[in-house]
Structure formats: C-alpha cells, structure tokens
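Residue numbers (our numbering): 247 to 738.
Glycine included, each C-beta is placed from N, C-alpha and C at the ideal position.
Model, not experiment: these values are computed from the prediction.
Here is the structure we will look at.
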C-alpha cells in the first residue's frame, strides 16, 4: 500500500512543541541544558489515569508513571478502603480520585492521554473500549478480556481509533523470549508438533460451593460498581478482594490468570493463530459419597485442555498444545535428564516445546529457557545476550515501553516493536479464553429422559471457526463466546 500521501499522526508532544515554537516565534528559545540536567519538558510527559489502582493496579500505575517520568493525573477504584489503594492515593496526592471511571472520563477527558486498566476481568473490555473511543491509549491487565468476543472487539477498536495498546503479560518483554525465537528460527529443535503448558494455579479457593450469606458492604466500597456488567450478586467477602478469580461471573480461573503468561512463549515462538479444535477434561469435587458436586458458577479445581493449531509459515507442522492446571504437569520427555526440572526449578509452572530434533523449555514469563538436542547438546540462556534499554526496569520495562510508544504515536517505530499490543494480545487472549469455553461446555448437562441422572452433551471434541468465532459442531457452546451484560452496561 502506498503511504506517501497519508497524513502523518500528530502526537501530543509534537503538537505542543510546534505550537509553542510558533507562539514564541521571533523571541527566543531556551536550550534544554540551560534548564538543568535531566530536565523534562511538560510536553514530554504523558498524562496517565489508572482504573483499578490496588493490587496489580498499584504496580501498573506506578510502573507506567516511572518515578515521575510521566504524570499520574487520576486514580479510580471502586474500593477506597484497600490498603494499596490508600497507599497509591498517598503517593500521588495531586491525582484526582474517582470511584466511577465514567465520571472520570467525562470530567477529565481533555486532561488524559492514556489509561491503565487493572480491574476484575469482567470489566476490562468495557473500560478499555470507553477509553479508546475517546482516543486514549490503553494498557490492560491480562487476560485482555473476559470473553472471546470482547477480545476481538478490542483488537479491532485499537486499529479503528489509532491508539497505542499493550496487555499486561510482562513476560512478553523478557529478552529471554528473543533467545527462544532465535533458537527455533535456526532450526535447532526442528518443527514442533507437541507443546505443553502448566501451572500450579489456582492458589485461591476454587471448585467449592457458591458462597452464601448476607454481609454488610464496607463503607468505602461501591458494590454496584464492583459488580458492574456481571450478573448481580450480594456482597460477600468470598468474592472481593482477590477470590473473584474462581467464579465465571467475574473471573477466568487458572487459565485467565496464567495462560497469557505461559502460553505466550509457545504462541510467539511458533507463530500460532486461532486454534481449529479443542477438547478438555476437568477435576471433580466429592463432598458426598458417589455424588460429584455440580458447580457451573465456578471454575474447576483442575483441568486439562488440548488445543490444535494448523501448520504455518513459522512452524511447518500441526501443533497439539495441552494446558494443565491445578498442579498437574506433563512428564519428562526422554531428552530431558531425570534430575533436571521442567520449566521452573520446582516444576510448578512451565512451557515445553517438543520438536523433531530436540525440546525447548522455560518458566513463567519465558524465564531461563533451555534447549536439549538429540545429540546430547544442552543450551541455556545467558542474561544479557538479548538485552534492551528497558531490561533493568521493573517487569522487563513492559509499562515504560508502552508509555514511550504512546508519546511517539500510533504506528510509530516504538509502537511497532511493542511485544503485546492488541494485534498480538487479542488473538492470544482468544486462545486462552477458548480453553474456558471448552471447560464450561464440558460441564453443561441435561436430565436424561427417564429422569435417572444426566447427560453431558458438551463432552466431545469441539471444532472452532476462528474467523467467525463459532463452534461448528455444538451450538450450545457458543453461549460462552459472548456473555450478556447486566442492566445498561454495554460494549460500544
């Protein structure tokens, strides 16, 4: 496509610099060095707002703020009583405080350049979409969205509104993943036909009966806003904080928590796209003898999901990728010595790629990758071999590279080298959430005609049409592609 006649993107810094220069015209320009070493002009700073600023949101807002390299102009959280929310407020006394992100956008739209979104999973898409529609760059915690449909919509919206985006799977910026890609591209392990990814999650209560009881809502918590787009439930400390992850109404379970971190190295290295089929099995819970608990509202205590991907230009072999959670993991392939750990030192989390000539393994965030070849060769990543200017920053500089790209503008070279912009993070998230579609389909049941027990029609291999976001051989599973929002909440 010929782009010579296309208008260039004008970012906030360029606009301010040009208009300032025009304004002072024939007067004088003060050289930067006169203003002091390390001086940063106000026009060089990004105005950032954070939505969800406790827990992971605390580090997201402050890593993006980067010790004052940018401006943190607004902090929004539905629960002002959380310790880290209070701490964030104290660290940034000049930032305006909000509980409702909609009010923040209405009042401060002209004062905000970029937004971090670190809320519960079920609110990611609505908040991010509202920001992008206002032309704001967005950083959204993993998983990008709660549903497959939401991920597709955010991916398309980022292009439509020409904003710089990044998902919070910080391992994507780990230079060690560049080593994995180089090893693979050199053909060291050959084409990969089998991959395994595993985690010790959940590390919160999961596979348990639905919480009950009446509890008083804490004074600093806006419970209606916290429930947001989800189906209404009364306040219960079993939902908030943190434990919401194990309930489909709000969270995405072990897959949503760790899938974007752990599937990422396989997805990136092998150039994967949409899977074509999936099948799963889940762990059961027995409280009564011979009677398995049926808890469709909650994620299971453990699961295995198998996804199949077609061959592509990067990896010229069909790949079967198996996800294991709940402490389950694959067994040692023959090429890895019996005493060598799989993935991380305690084997609790990891990635394993099995190729024609050897195997490759790494831990969470792509750390400590290794290659084992059939000729007995073992290769290990040496820190520093693939460094970049962000390497010494927290979380591999994942937030700072995004901030820099926001200032450089949409489609800038800084934007193009981001490791998890929505063009990449969207399809990755769809793949991760696809596993949850399989799990929920697996648990669908219907009473037998004779009234004796149940049938489980979703316990089959599911065939997926990625372009059209549709299961083609079991229509009931498609209810999990896109959920219904409560009340007036909508993605538009």
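(request) Check whether the segment 668-685 touches the segment 508-521, counting contact only when three or more Cβ pairs, one atom from each stretch, lie closer than 8 angstroms. (result) Touching, yes, given that three or more Cβ pairs across the two stretches are closer than 8 angstroms.
(message) Excluding the 5 residues flanking residue 274 on each side, which residues of the same chain have their C-beta closer than 8 angstroms to its C-beta?
(response) In this prediction, residue 274 scores a pLDDT of 33, lower than 50, which makes its location untrustworthy; no coordinate-derived value is stated.
(message) When you compare the segment 544-556 with the segment 450-459, are there three or more beta-carbon pairs, one atom per stretch, that lie closer than 8 angstroms?
(response) yes
(request) Let me know the alpha helix (DSSP H) ranges lying completely inside the segment 300-364, each 4 residues or longer, listed in chain order. (result) Correct list: 302-311, 329-337 and 347-354.
(request) Specify, as a first and last residue, the run of the alpha helix (DSSP H) that residue 477 falls within. (result) Premise fails: residue 477 is in no alpha helix (DSSP H) and is neither H nor E.
(request) Could you tell me the boundaries of the beta strand (DSSP E) in which residue 379 lies? (result) From DSSP, residue 379 is part of no beta strand (DSSP E) but of the alpha helix (DSSP H) over 370-379.
(request) Just confirm the distance between the C-beta atoms of residue 739 and residue 677, as a whole number of angstroms; I'd bet it's less than 8 angstroms. (result) Given that the chain is displayed from residue 247 to residue 738, the structure contains no residue 739 and the question cannot be resolved.
(message) Quick check on the DSSP output: what are the complete beta strand (DSSP E) runs of length 3 or more inside the segment 409-438, in order along the chain?
(response) 411-413
(request) Could you name the residues of the same chain whose beta carbon sits closer than 7 angstroms to that of residue 511, not counting the 5 residues immediately before and after it, in chain order? (result) 423, 426, 597, 608 and 612
(message) Please state the DSSP three-state secondary structure of residue 680.
(response) helix
(request) Indicate whether the contact test is met: 3 or more Cβ pairs, each with one atom in the segment 599-606 and one in the segment 615-632, closer than 8 angstroms. (result) yes
(request) Give the DSSP-derived three-state secondary structure of residue 716 in the structure shown. (result) Strand.
(message) Using DSSP's beta-bridge definition, name the partner residues of residue 506.
(response) When DSSP reads this structure, residue 506 sits in no beta bridge, so it has no partner.
(message) Can you give me the C-alpha to C-alpha distance between residue 705 and residue 722, rounded to a whole angstrom?
(response) 12 angstroms
(request) Tell me whether residue 738 is buried or exposed, calling it buried when 16 or more other Cβ atoms sit within 10 Å of its Cβ. (result) Under the 10 Å beta carbon count, residue 738 is surrounded by fewer than 16 other beta carbons and is classified as exposed.
(request) Could you round the C-beta distance between residue 330 and residue 648 to whole angstroms and report it? I think they count as a contact, below 8 angstroms. (result) In fact, because the Cβ distance is near 21 angstroms, the residues do not count as touching under 8 angstroms.
(message) DSSP has residue 387 in a bridge; who is on the other side?
(response) The partner list for residue 387 (beta bridge, DSSP) is empty, contrary to what the question assumes.
(message) What does the alpha-carbon distance come out to for the pair residue 633 and residue 420?
(response) 9 angstroms
(request) Return helix, strand or coil for residue 646, following the three-state DSSP convention. (result) helix
(request) Use the C-beta contact count for residue 324: other C-beta atoms within 10 angstroms, 16 or more gives buried, fewer gives exposed. (result) buried
(message) Quick check on the DSSP output: the alpha helix (DSSP H) that includes residue 491 runs from which residue to which?
(response) It is not in any alpha helix (DSSP H) - residue 491 carries neither H nor E in the DSSP assignment.
(request) Would you check if the distance between the CB atom of residue 373 and the CB atom of residue 347 is smaller than 8 angstroms? (result) yes
(request) Measure from the C-beta of residue 323 to each C-beta in chain B and report whether the shortest distance is under 8 angstroms. (result) Any reference to chain B falls outside this structure, which holds one protein chain only.
(request) Specify, as a first and last residue, the run of the alpha helix (DSSP H) that residue 403 falls within. (result) 394-406
(message) Taking DSSP's pairing of strands, which residues face residue 537 in a bridge?
(response) 534
(message) Judging by CA-CA distance, which residue of 541, 386 and 357 is the nearest neighbour of residue 366?
(response) 386
(request) Quick one: give me the first and last residue of the alpha helix (DSSP H) that residue 661 is part of. (result) Per DSSP, residue 661 belongs to the alpha helix (DSSP H) from 659-662.
(message) I'd like to know whether the C-beta atoms of residue 708 and residue 681 end up nearer to each other than 8 angstroms.
(response) No, Cβ-Cβ distance for residue 708 and residue 681 is not below 8 angstroms.
(request) Have a look at the DSSP bridge pairing and note the partners of residue 293. (result) According to DSSP, residue 293 bridges with 317.
(request) Determine contact between the segment 532-543 and the segment 403-417, defined as no fewer than three beta-carbon pairs at a distance below 8 angstroms. (result) no
(request) Could you spell out where the beta strand (DSSP E) holding residue 711 opens and where it closes? (result) 708-711
(message) Rounding to the nearest angstrom, what Cα-Cα distance links residue 268 and residue 342 in this structure?
(response) Since pLDDT at residue 268 reaches only 37, below the 50 mark, its modelled position is unreliable, and no value is offered.
(message) Considering just the uninterrupted stretch of the beta strand (DSSP E) at residue 608, what are its terminal residues?
(response) 604-608
(message) Within the continuous beta strand (DSSP E) that includes residue 522, where are the two ends?
(response) Run containing residue 522: none; DSSP gives neither H nor E here.
(request) Give the single residue among 650, 702 and 732 whose Cα lies nearest to the Cα of residue 291. (result) For the set 650, 702 and 732, the Cα lying nearest the Cα of residue 291 is the one of 650.
(message) Could you check whether residue 495 and residue 368 sit closer than 8 angstroms to each other, using their CB atoms as the reference points?
(response) Cβ atoms of residue 368 and residue 495: closer than 8 angstroms.
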